[in-house]
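**Q**
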Amino acid sequence: MGLASAFEKLERFFDRVFSWGEKDPAFEGDKSSSDTPEVLNDTAAMMLETGEMPAFKDAPQKSINDSDYWWCFPGWPSTDTPVFEGIDDEAVTKDLNRRIDEEQFPVIEIPTTVMKTMQILNNPDFDYAEVSNLINRSPAMAGEFIKIINSSLYNRGVAIGDLKVALPRMGRDSIKAMLYMYASKMSFANSPLFNDLAVKIVDHSYATALVSSYLSQRFYPDPDGAFLAGLLHDIGKLGILKAMSDLYVLPREVNFELTEEVFDNIFPALHEKAGCFLALNWKIDKTVIEAISHHHDFSDYGFGEDDQLSLHLSELVNLSDTIVRILGKGRRIGPVNIFAEPATIDLAMEKDFNTVKFLEDIPRIVAFKASSAAVA
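Each residue of the sequence shown is one higher than the one before, starting from 398 at the first, in our numbering.
And the structure:
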């Protein structure tokens, strides 16, 4: 494929997805036009299905034009966010914050099958076959593992359907993190109000975990820790939804879509703190807990000289979170170039052709099939 042809395909892709006004590298176009079409939810999957993802070999070799690549993103179009009139944002935030401080925040319950599997994994001489047998007793739980193991990060080009093959590739800590996430997701099985939003948060977390693990090949020394932190970084959001469901009188359903943006006055203020509370309860590794607690405020927190590993993990998770939001998994994101992000700069990720080539695989990694609704 020639260079001109590659750029023409790229232009068609962005024309179809972002059809507001004239494309401008400075992101000055009018994105609020009523003519803006509905944007596809999963950019990564669409890029792969259409084949309209610019290949590194087609890129100019003398300079890097940011706007040619997915990581320089003009932002999703703005939308009106509905108000959940059944929730007093300020009162809920104050109450849940108090409950966390007083250790009265509800803890997500772990189902019996998951707890038994955890106990096996805590044995230094555990057997992967025994773990896979327990997980396979729940088709829904087994499906979650198969979905993640068949991302391009793990499957090496060959589809995997057997957990006995899949689990050793993930390792003990990643399996435990998946079990915690599955238990959190299942806690909404009987909560029609929050179930769909919980599933979307889980899928965002899966994608963030995969990207964190991938980036750790160059920018962090522990891929398992990166996967664990990426997977659990937003566990506090699930904890908050579960707490609201358990503690407050709410309608069973509403006549609008519940998105993360509906809780913009609650999640930002509380989700890191709530996530830390849950992670401490689950006895997660200290470095991972630090990343859960500070993946947004890492620049201001003031990590000490002895906590640089925690700082870098927080930055890695923050960057991974940004990347998967660009690719359509997670809350909407505004204009962003990842090479201008503080986390990228602090991680010393240089914008050169080696890095561009490395980033090229990420849309494939996160293009896994979305979860279905939680079922018991």
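Each residue gets a CB set at the ideal place from its N, CA and C atoms; glycine is no exception.
Nothing here was measured: the structure is a model prediction, and the numbers come from that model.
Leaving aside the five residues before and after ASP704 along the sequence, list all residues of the same chain whose C-beta is less than 8 Å from its C-beta, in chain order.
**A** The residues are GLU687.
**Q** Can you list, in chain order, the residues of its chain with a C-beta nearer than 7 Å to that of VAL763? Leave out the 5 residues immediately preceding and following it.
**A** Within the same chain, VAL763 has close Cβ partners ALA441, ALA604, LEU607, VAL608, VAL721, LEU724 and LYS726.
**Q** Count the other CB atoms, across all protein chains shown, that sit within 10 Å of the CB of LEU756; report buried if there are 16 or more and exposed otherwise.
**A** Looking at its Cβ environment, which holds 16 or more other Cβ atoms inside 10 Å, LEU756 is buried.
**Q** Roughly how many angstroms lie between the CA atoms of GLU657 and ILE730, to the nearest whole one?
**A** Cα to Cα, the separation comes out at about 12 Å.
**Q** Given a threshold of 16 other Cβ atoms within 10 Å of its Cβ, counted over all protein chains shown, does GLU654 qualify as buried or as exposed?
**A** Counting Cβ neighbours within 10 Å, GLU654 comes out exposed, since fewer than 16 surround it.
**Q** Taking only the alpha-carbon atoms, compute the straight-line gap between HIS691 and ASP631 and give it to the nearest angstrom.
**A** Approximately 11 Å, taken between the alpha carbons.
**Q** Helix, strand or coil for VAL733, going by three-state DSSP, please let me know.
**A** It is a strand residue.
**Q** Please look up how many angstroms separate the CB atoms of ILE545 and GLY558, rounded, as I've assumed it's under 8 Å.
**A** Not a contact, Cβ separation roughly 13 Å.
**Q** Give the straight-line distance between the Cα atoms of GLU811 and ALA574, rounded to the nearest whole angstrom.
**A** Because the chain in this structure spans residues 398 to 773, residue 811 falls outside the shown range and cannot be described.
**Q** On the three-pair Cβ rule with 8 Å, is the region 560–573 touching the region 584–591?
**A** As far as the Cβ criterion goes, the region 560–573 does not touch the region 584–591, which means the pair count is below three.
**Q** Please classify PHE470: does DSSP put it in a helix, a strand, or coil?
**A** It is a strand residue.
**Q** Roughly how many angstroms lie between the CA atoms of ALA666 and GLY699, to the nearest whole one?
**A** Cα to Cα, ALA666 sits roughly 18 Å from GLY699.
**Q** I'd like the span of the alpha helix (DSSP H) that includes GLU687, first residue to last.
**A** Counting along the chain, the alpha helix (DSSP H) containing GLU687 begins and ends at 683–691.
**Q** At the level of alpha carbons, what is the spacing between ASP593 and MET641?
**A** Between ASP593 and MET641, the C-alpha separation is close to 15 Å.
**Q** Work out the CA separation of ASN519 and LEU625 for me, nearest whole Å.
**A** Approximately 16 Å between the Cα atoms of the pair.
**Q** Taking all protein chains shown into account, decide if LYS639 is buried (16 or more other Cβ within 10 angstroms of its Cβ) or exposed.
**A** Result: buried.
**Q** Which whole-angstrom value is the C-beta distance of LEU716 and THR684, which I expect to be below 8 Å?
**A** About 17 Å separates the two Cβ atoms, so there is no contact after all.
**Q** Note down the Cα distance separating ALA676 from LYS670, rounded to an integer number of angstroms.
**A** Looking at the two C-alpha atoms, the distance is approximately 10 Å.
**Q** In terms of alpha-carbon separation, which member of HIS709, LEU635 and PHE481 lies closest to PRO503?
**A** Comparing Cα positions, the closest option is LEU635.
**Q** Could you pull out every residue in the same chain whose Cβ sits closer than 8 Å to the Cβ of PRO508, ignoring the five residues on either side in sequence?
**A** Counting only Cβ-Cβ distances below 8 Å, and skipping sequence neighbours, we find ALA580 and MET583.
**Q** With a threshold of 16 other CB atoms inside 10 Å of the CB of LYS597, please say whether the residue is buried or exposed.
**A** With 16 or more other Cβ atoms within 10 Å, it is buried.
**Q** Does the distance from the CB of SER610 to the CB of ASP621 come in under 9 Å?
**A** Yes, the Cβ-Cβ distance between SER610 and ASP621 is below 9 Å.
**Q** To the nearest angstrom, how far is it from the Cα of ASN662 to the Cα of SER711?
**A** Roughly 23 Å separates the two Cα atoms.
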